[in-house]
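Participant:
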Ligand code: SF4
Ligand code: SF4
Ligand code: SF4
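Residue numbers (my numbering): -6 to 190.
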């Protein structure tokens, strides 16, 4: 079993997953979580979810000089806090930044793939899957369908915008000025009234 980030497009940045993780660890705030949600440029562009991806051959474990990170069955690692000397090599070794840091204990915090956060995600961004990939749980198919639907919506929006901004047709009746003609006309009339006042 491991945690899987199924579809970040559906993430709304509510941070429920982060609060859930902290709560599971007995903490109140967001300082102690093993999952992070970060904006990639405001609500329009969405969010990225940073959490351990359960490497088969985890670099975080191979750089640990004291063997404090044991490779987990199914991917990822388990921390033996008693062995850890707080050197931070594991944090540097994880290319996606999924080794979070506990400043109080000066030790890493790494997802244990318990799936607690997924239970609190209101949009199905996170899921617990068996085996190595999302396909094994049939989730990739759903994610693929969702992506196709989103693409179709984007195409429709783009076509609609193109229509709205297209120039008036050659055969348009005299006096008609396209979509904004009425508004422009009203503005001109208002300006004339003001000038004459
Ligand atoms: S913490 Fe990073 S390097 Fe270690 S198993 Fe998870 S994703 Fe891989
Ligand atoms: S911080 Fe702890 S777990 Fe990470 S590499 Fe150093 S000793 Fe190992
Ligand atoms: S709970 Fe789900 S929607 Fe909310 S921030 Fe976490 S991943 Fe995103």
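Every residue gets a Cβ at the ideal spot worked out from N, C-alpha and C, and that includes glycine.
1) Using C-beta distances below 7 Å, list every residue in its chain close to residue 5, excluding the 5 sequence neighbours before and after it, in chain order.
2) Given residue 18, which residues of its chain have a CB within under 6 Å of its CB, disregarding the five upstream and five downstream residues?
3) State the Cα-Cα distance for the pair residue -2 and residue 57, rounded to the nearest angstrom.
4) Can you give the Cα-Cα distance for residue 100 and residue 65, rounded to whole angstroms?
5) Considering just the uninterrupted stretch of the alpha helix (DSSP H) at residue 102, what are its terminal residues?
6) Find the nearest neighbour of residue 62 within the set 110, 102 and 30, judged by alpha-carbon distance.
7) Could you pull the start and end residues of the alpha helix (DSSP H) that residue 55 belongs to?
8) Assign residue 69 to one of three DSSP states: helix, strand, or coil.
9) Beta carbon of residue 33: closer than 7 Å to some heavy atom of ligand 3?
10) Just curious, the beta strand (DSSP E) that residue 31 is in, first and last residue?
11) Taking contact to mean at least 3 C-beta pairs separated by less than 8 Å, is the stretch 73 to 85 in contact with the stretch 28 to 45?
12) For a test of your reading of the model: does the CB of residue 75 fall under 7 Å from any non-hydrogen atom of ligand 2? Yes or no.
13) Compute the beta-carbon to beta-carbon distance between residue 7 and residue 119, rounded to the nearest angstrom, for a pair I have assumed lies under 8 Å.
14) If you draw a straight line from the C-alpha of residue 132 to the C-alpha of residue 110, how long is it?
Facilitator: In this structure, then:
1) Excluding residues up to 5 positions away in sequence, 116 lie with their Cβ nearer than 7 Å to the Cβ of residue 5 in the same chain.
2) Within the same chain, Cβ atoms closer than 6 Å to the Cβ of residue 18 are found at 25, the five residues on either side in sequence being excluded.
3) Computed Cα separation, rounded: 26 Å.
4) As the crow flies, the alpha-carbon of residue 100 is around 19 Å from that of residue 65.
5) Where residue 102 is concerned, there is no enclosing alpha helix (DSSP H), although the beta strand (DSSP E) it sits in stretches over 100 to 102.
6) Of the candidates 110, 102 and 30, the one whose C-alpha sits nearest the C-alpha of residue 62 is 102.
7) 52 to 55 is the extent of the alpha helix (DSSP H) around residue 55.
8) Looking at residue 69 - three-state DSSP - the assignment turns out to be coil, as it is neither helix nor strand.
9) It does not: the Cβ of residue 33 is nowhere closer than 7 Å to a heavy atom of ligand 3.
10) DSSP places residue 31 in the uninterrupted beta strand (DSSP E) bounded by 28 to 32.
11) Touching, no, given that fewer than three Cβ pairs across the two stretches are closer than 8 Å.
12) Taking 7 Å as the cut-off, the C-beta of residue 75 does not count as close to any heavy atom of ligand 2.
13) The beta-carbon separation of residue 7 and residue 119, rounded to 12 Å, does not stay under the 8 Å limit for a contact.
14) Reliability fails at residue 132, whose pLDDT of 38 lies under 50, so the model's placement of it is uncertain and the value that follows must be treated cautiously. When rounded, the distance between both Cα atoms is 17 Å.
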